[in-house]
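For the sequence shown, full-length UniProt numbering begins at 1 and goes up steadily by one.
Heads up: the structure comes next, in structure tokens.
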Amino acid sequence: MAEMDRRRFFGVTGAAVATSALALQHDEASTPVNPAEQSEHGTPENAIVVSAVSEVTSLDPALAVDTETERICRQVFETLVGIEQETGSTAPLLAAGWEISDDQLTYTFELQEGVTFQDGSELTADVIVANFERWGRLDEIYGDEVLDTTVPLAFASVFGGFMGDEDCVLESVEADDEHTVVLTLTEPVVFLIQALTLPAFGIVSAETLSDDDPEQVSENPVGTGAYQVISTEGGQIVLRAFEDHWNGAAQVEQVTVRSIPRSFDRLRELQRGQLDVYDYVTADNLRTLVQSGRMFLQRDPFSVLYLGFNLEHPVMSDPLVREAVARAVNRGSLVQNHFLEGTSTAHQFTPAALGVHSEEALRFSMNRDEAERLLEESGYDGEELPFFYPMNATRSYLPQPEAIFASIARDLTRVGMNVVPRPVPWNDSYVDSLLADEDRAMHLLGRNGGYRSPHSFLGPLFSSVTSEFNYDNEEVRDLIHQARSETQEDSRNDLYREAAELIAEDIPALPLAYPISGLALGQNIVDYPFSPVLHELFRDIVPQ
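What follows is the structure, encoded as structure tokens:
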């Protein structure tokens, strides 16, 4: 489909976080460009401002678990495998090409030649090996007590664990010569090429790798990307185009990414001309955008919002109570009132576009009488149910968290549940806070798919026992692991469907919606590389 066919014009159509221990350690990043140079030379004429919805917690791409961190890391660090903007298919990036053995256990990557990092060092096979080895030892570097309090990291989710774990399927990473890297697996990972496009697999300069000071990567972010960090002050990150980028300099010389949590504030700054890209447009701002004739780009739905349950909570451990919640929540009203048009209700954790929905999986339609009956049968007696939700935040899957919480809480209260609000500002480590509270009953969270495989959703959520749900179903984990290695697509999809059926029966979390997200452009932008998996490179922005 042509680029212009995939966008809507208003006025024409009418239409998860690293812990505080992993946070940025100072206000200015020690990058190869001195932040003082920004003031000395002033802001370039060719500069734009992009809105973010929360602050970045770390500039270490391996720790990227939220979309705002990934947004910045994509600009600074590049991966072996890229994404073709028009088709969404994988494409060469730092790897000029690759070969996969017939048994899908050996991957041979040939690197681009002449690529340099922003500190002047060269990209070699040894650097790639050093990055893989570091990813495989993140549990040692940061300690299990830290990683257990955040959502699963990409390396462990893709390879089944960290290096040395019994379930890790990455056997070795070796440099065959200066520009050839060989990955050897013990079992196939059928989606590996797609997964290697994740920002978490961004390659960092070997000069910043240090076991004694692992946070050097975040404090001194040096990649091969089209932009380098020159400042991280005042709730914004300033990126300057890397003039010696191996694939040519970006058209926009400077991009400032401002953290503006409230949607109304982003709209106001766009209308004042202080913002060039207003991301995560919310439904309550549509009329104003229509009237002003702003260009609106709508991403295809590739995320899921869910209501998570803590199965170690004495009340939520009862499946009757969880089903009562599923029967009480009016998902249709939720979608209609708080999401952009095109959002659909969700009954499984994978978007329909992935083609693995199970027709046999249980679907819980709203039925308040049945919800009340289930609560009575469970013996629930009005115990308090702490319910976490974020404040002052907009996510791709959660556009209006306060309003969405209020709607769900109202539905639960109507059937007799005693909901206790636990609001936490997103920038105050919302994810860390809810995971650390063993007494929580429920929470709002979601997931944006990072690559086009069901594992992008089911793997991080259910392929291991996590502190988010405390859900322990060995059969589900085995099915997801089997699907990871199943080379026949039909058989693989059947495994995912079987896992979906068990998850729907156990209800460790309740899928709510497949949200539509979109952004509006200011007059200084002609084109913006929007993507359902949020692979949006600033180097592809076309300025006025």
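In this text, a Cβ means the ideal position worked out from N, Cα and C, and glycines have one as well.
From this set, 328, 313, 405, which residue's C-alpha is nearest residue 374's C-alpha?
The residue with the shortest Cα to Cα distance from residue 374 is 328.
Determine the burial state of residue 309: buried for a count of at least 16 other Cβ atoms within 10 Å of its Cβ, exposed for fewer.
When all chains shown are included, residue 309 counts as buried.
What does DSSP give as the partner residues of residue 489 in its beta bridges?
According to DSSP, residue 489 bridges with nothing at all.
Does the structure place the stretch 489-502 close enough to the stretch 379-392 that three or more beta carbon pairs sit under 8 Å?
Contact between the stretch 379-392 and the stretch 489-502 is absent, because fewer than three Cβ pairs lie under 8 Å.
Just to confirm, are residue 81 and residue 460 a CB contact at a threshold of 8 Å?
The answer is no: Cβ separation not under 8 Å.
Three Cβ pairs or more, each shorter than 8 Å: is that satisfied between the stretch 176-183 and the stretch 120-137?
The answer is yes - the stretch 120-137 touches the stretch 176-183, with three or more Cβ pairs under 8 Å.
Just to confirm the assignment: which complete alpha helix (DSSP H) runs, minimum length 4, are found wholly within the stretch 216-248?
Within the stretch 216-248, the complete alpha helix (DSSP H) runs of at least 4 residues are 216-219.
Going straight from the alpha carbon of residue 120 to that of residue 75, what length do you get?
Answer to the nearest angstrom: the Cα atoms are 17 Å apart.
By Cβ distance, which residues of its chain are closer than 7 Å to residue 385, with the 5 residues on each side in sequence left out?
Once the five neighbours on either side are set aside, the close Cβ partners of residue 385 are 315, 417, 418, 419, 420, 441, 442.
Whole beta strand (DSSP E) runs in the stretch 282-338 with 3 or more residues, listed along the chain?
You should have 295-299, 303-309.
Run the proximity test for residue 433: is its beta-carbon closer than 7 Å to any non-hydrogen atom belonging to the ligand ATP?
With respect to the ligand ATP, the structure offers nothing, as it holds no ligand at all.
Give me, in chain order, the residues of the same chain whose beta-carbon lies closer than 7 Å to that of residue 381; leave out the 5 immediate sequence neighbours on both sides.
Cβ within range, chain order: n/a, list empty.
Inspect the beta-carbon positions of residue 197 and residue 451 and report whether they are closer than 8 Å.
Closer than 8 Å, so yes.
Looking at C-alpha atoms only, which residue of 276, 433, 521, 223 is the closest neighbour of residue 60?
Comparing Cα-Cα distances from residue 60 to each of 276, 433, 521, 223, the minimum goes to 223.
For the stretch 137-197, list the alpha helix (DSSP H) runs that are entirely contained and at least 4 residues long, ordered along the chain.
Whole alpha helix (DSSP H) segments, 4+ residues: 138-142, 144-147, 154-159, 192-195.
How is the beta strand (DSSP E) around residue 563 delimited, first residue to last?
No answer is possible for residue 563: it lies beyond the span of the chain, which begins at 1 and ends at 544.
In chain order, what residues of the same chain have a beta carbon less than 6 Å from the beta carbon of residue 85, not counting five sequence neighbours either side?
These residues qualify, in order along the chain: 529.
Once DSSP output is grouped into helix, strand and coil, what is the label at residue 97?
Strand, per DSSP.
Taking the CB atoms as reference points, tell me whether residue 477 and residue 415 lie closer together than 8 Å.
No, these two residues do not count as a Cβ contact at 8 Å.
Pick out whichever of 57, 55, 78, 43 has its Cα sitting closest to the Cα of residue 537.
When only C-alpha atoms are compared, the closest one is 78.
Could you give the DSSP three-state label for residue 364: helix, strand or coil?
Residue 364 falls in the coil class under three-state DSSP.
Just to check my reading of the structure: residue 189 and residue 484 have Cβ atoms closer than 8 Å, yes? What is that Cβ distance to the nearest angstrom?
Correct: roughly 6 Å between the Cβ atoms.
Taking C-beta to C-beta, are residue 48 and residue 541 nearer than 8 Å?
Yes, the Cβ-Cβ distance between residue 48 and residue 541 is below 8 Å.
Residue 220: which of 211, 468, 136, 205 sits nearest, CA to CA?
The residue with the shortest Cα to Cα distance from residue 220 is 205.
Per DSSP, what kind of secondary structure is residue 427 in: helix, strand or coil?
Residue 427 falls in the helix class under three-state DSSP.
Nearest by alpha-carbon distance to residue 264: which of 139, 516, 51 is it?
Residue 264 has its Cα closest to that of 51, out of 139, 516, 51.
Measuring CA to CA, which of 354, 262, 134 is closest to residue 455?
Minimum Cα distance to residue 455 is reached at 354.
Can you give me the start and stop residues for the alpha helix (DSSP H) that residue 51 sits inside?
Taken as a continuous stretch (DSSP letters only), residue 51 belongs to no alpha helix (DSSP H), being part of the beta strand (DSSP E) at 47-52.
Measure the C-alpha to C-alpha separation of residue 130 and residue 214 and round it to an integer number of angstroms.
Straight-line Cα distance between these residues: approximately 13 Å.
Give the secondary structure of residue 200 by DSSP, where H, G and I count as helix, E and B as strand, and everything else as coil.
Residue 200: helix per DSSP, three-state reduction.
Given that a residue counts as buried once 16 or more other Cβ atoms are within 10 Å of its Cβ, and exposed if not, what is residue 317?
Residue 317 comes out exposed.
Could you spell out where the alpha helix (DSSP H) holding residue 69 opens and where it closes?
Note, residue 69: alpha helix (DSSP H), 67-76.
Which of the three DSSP states, helix, strand or coil, is assigned to residue 80?
Here residue 80 sits in coil by DSSP.
Compare the Cα-Cα distances from residue 472 to each of 457, 503, 498, 449 and report the closest residue.
Comparing Cα positions, the closest option is 503.
Tell me which residues share the same chain as residue 402 and place their Cβ nearer than 8 Å to its Cβ, disregarding the 5 neighbours each side in the sequence.
389, 391, 423, listed in sequence order.
Taking only the alpha-carbon atoms, compute the straight-line gap between residue 508 and residue 259 and give it to the nearest angstrom.
Approximately 32 Å, taken between the alpha carbons.
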